[in-house]
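A.B. asks: Pasting a structure below so you can have a look.
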Ligand code: DX5
Ligand code: ZN
C-alpha cells in the first residue's frame, strides 16, 4: 500500500436502492455474501430530491440480515426530526446533506450524540469549501457524483477535482471519503486515485441479479480501486 492511502481502508458499498425491493432480505444477504463492506442506504423524501425510497422501518427490517456497516445517506429535509429514528433502526453511519440545512452543526452534533458516525454530503454543484466549517464534526464526507434522486445516472467528472479538494481538507483526520453516483469498474481507479476510499455503487453491483454476479461485479470494482492504491489484488 502506498503511503498516500495508508490511513483509510478501501470500502465497496453497494447501494440497496438498485436491489429488488420485492425480496429485500434476500438481496441484503446476497450482497453481504458477495463481498460488500458497507450497505449504502439511500433515503429519499420526494422533497429534497424528486424521488421517494424507504425510511427507518424498512431499514430496521433489513438490519437482522447483515452484520455489515449500515451507511445511511439521508436525502431528506428537514433531517433533524428523524435522526433518532435512523439511529434506532440500526444505522451505523448517518450522512446528511450540507444543502438540507439550515443548522448543519446541530445535525452533525446530534448524530454523534446518538453514538453514530456523522457524515456530510455535497451535491455536484456545491463546492468543497461548503464543509470547511464542519470538518472537525464529521467522520465521513460523501461527494455526490450525480445529482441525487435516482440510480443509474452517469458520473459527473468534475467530482474528481472535488474529491482531491476534500482529501486535502481532511489531511491528518480520520475521515472516510465516499463517492456516490455512476461508479463502475471503469472509473473506480481514477476516483480512488483522486483520494476517495469508499465507493458506492448501485447499478454496477446489482446488474445480473444473482449472488454470483454481485460477487464478480464487486470484485471488478474492488480490483480496479485496489490497483490504483498500489495494493496487491
Ligand atoms: C443517488 C443515490 C445513489 C445511487 C447510486 O441519489 O445516492 O446511492 O443509488 O446508484 P448508481 O451507482 O446506479 O449511480
Ligand atoms: Zn447514496
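Numbering (my numbering), first residue to last: 802 to 1034.
Using N, Cα and C, we set each Cβ at its ideal position, and we do this for glycine too.
#1: Would you decide whether residue 1019 is buried or exposed? Buried here means 16 or more other CB atoms lie within 10 Å of its CB.
#2: Suppose only complete runs of 4+ residues qualify. What are the alpha helix (DSSP H) ranges in the stretch 832 to 860, listed by chain order?
#3: Excluding the five sequence neighbours on either side, which residues of its own chain have a C-beta within less than 6 Å of the C-beta of residue 887, listed in chain order?
#4: Inspect the CB distances between the stretch 972 to 979 and the stretch 989 to 1002 and report whether three or more fall short of 8 Å.
#5: Is residue 858 near the ligand ZN, in the sense that its beta carbon is under 7 Å from a heavy atom of that ligand?
#6: Could you check if residue 930 is buried or exposed, using at least 16 other CB atoms within 10 Å of its CB as the buried criterion?
#7: Identify which residue in 923, 843 and 953 has its Cα closest to the Cα of residue 854.
#8: On the criterion of 16 or more Cβ atoms from any shown chain inside 10 Å, does residue 815 qualify as buried, or is it exposed?
#9: If you check the beta carbons only, do residue 982 and residue 946 fall under 8 Å apart?
#10: Check whether the Cβ of residue 1001 lies closer than 7 Å to any heavy atom of the ligand ZN, and answer yes or no.
#11: Where does residue 1005 fall in DSSP's three states?
C.D. replies: On the basis of the supplied data:
#1: buried
#2: none
#3: Listed in chain order, the non-local C-beta contacts of residue 887 below 6 Å within the same chain comprise 857, 873 and 895, local neighbours out to five positions each way being set aside.
#4: yes
#5: no
#6: exposed
#7: 843
#8: buried
#9: yes
#10: Yes, since a heavy atom of the ligand ZN falls inside the 7 Å radius drawn around the Cβ of residue 1001.
#11: helix
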